[in-house]
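**Student:** Quick one: the structure is below, and I'll ask about it shortly.
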Amino acid sequence: MAGSRLEKFGTVFTRVRDLLRAGVIKPSQKPIWYDVYEAFPPKREPLHIKKLTRQHIRKDETVPDIFYREDEIRAKFYEVYGTGPRAFELSKSNFVSTCQRFVEKYTELKSGGELDDSALFEEAGKALLAEGVLLRRRGGPAVSAESRDPVLELKLTDMLAEQQSASPAEIQETEHSPQTP
């Protein structure tokens, strides 16, 4: 049917009837149901009446944020340590990420001790290091259980400044001293 497809401009029967009268549909092509419907019309005309719709006022449905204590720990973990050196092993069903291990160790230490959050965070990192899990801070060295040797923390600029501050007499002595073969 090439006419309007809107049901509000008549029923399917009236549209087919008008197409037959106009000769658009040949009598041999009329639908099977047409003769039955014409012989036994319904008592109530089947019209499509579109329900009135109100103007939908959009309400801002605020969904409350759901934060768990573990989420705060995870956020701080990713902020301090990043995502880690390797990707997650999603093919293994029993895989536990480094972050999840950290959260479990953190909650274990929190239940057993009386430390504040920052000290507890550091202790959880040290406990994981003792278990063999290496955590690297973003842009920094790995977390270590004991303090590092201060000689290793000398910066290159400090070494250059120290070398430049050496007296010129010392430099001349090293240049003119006889070398033994």
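Per the working numbering, residue 531 is the first one in the sequence shown, and the count goes up by one each step.
All C-beta atoms in this analysis are idealised placements derived from N, C-alpha and C, irrespective of residue type, glycine included.
Just the Cα atoms here: how many angstroms apart are Lys556 and Asp590?
**Tutor:** If I take the Cα positions, the gap works out to 56 Å.
**Student:** Can you give me the C-alpha to C-alpha distance between Pro571 and Thr544, rounded to a whole angstrom?
**Tutor:** Rounded to the nearest angstrom, the two C-alpha atoms are 11 Å apart.
**Student:** Taking the alpha helix (DSSP H) that Thr544 belongs to, which residues open and close that run?
**Tutor:** Per DSSP, Thr544 belongs to the alpha helix (DSSP H) from 542-552.
**Student:** Are there 16 or more other CB atoms within 10 angstroms of the CB of Ala649, so buried, or fewer, so exposed?
**Tutor:** Burial call: exposed.
**Student:** Whole alpha helix (DSSP H) runs in the stretch 569-631 with 4 or more residues, listed along the chain?
**Tutor:** The qualifying runs are 599-611.
**Student:** Compute the Euclidean distance between the alpha carbons of Phe607 and Cys629, then round it to the nearest angstrom.
**Tutor:** Roughly 7 Å between the two C-alpha positions.
**Student:** If you count every other CB in all the chains shown that lies within 10 Å of the CB of Phe597, and 16 or more means buried, which is it?
**Tutor:** Label assigned to Phe597: exposed.
**Student:** Considering just the uninterrupted stretch of the alpha helix (DSSP H) at Lys656, what are its terminal residues?
**Tutor:** 647-660 is the span of the alpha helix (DSSP H), which, as asked, contains Lys656.
**Student:** Under the rule that 16 or more other beta-carbon atoms within 10 Å means buried, what is Ile562, buried or exposed?
**Tutor:** Exposed, by the Cβ-count rule.
**Student:** Less than 6 Å between C-beta atoms, sequence neighbours within five positions excluded: which residues of the same chain meet that for Leu549?
**Tutor:** Hits under 6 Å: Ile555.
**Student:** By the 10 Å Cβ neighbour count, where 16 or more other Cβ atoms means buried, how is Leu620 classified, buried or exposed?
**Tutor:** Exposed, because fewer than 16 other Cβ atoms sit within 10 Å of the Cβ of Leu620.
**Student:** With 16 other CB atoms within 10 Å as the buried threshold, where does Val566 fall?
**Tutor:** By the neighbour-count rule (16 or more Cβ atoms within 10 Å), Val566 is not buried but exposed.
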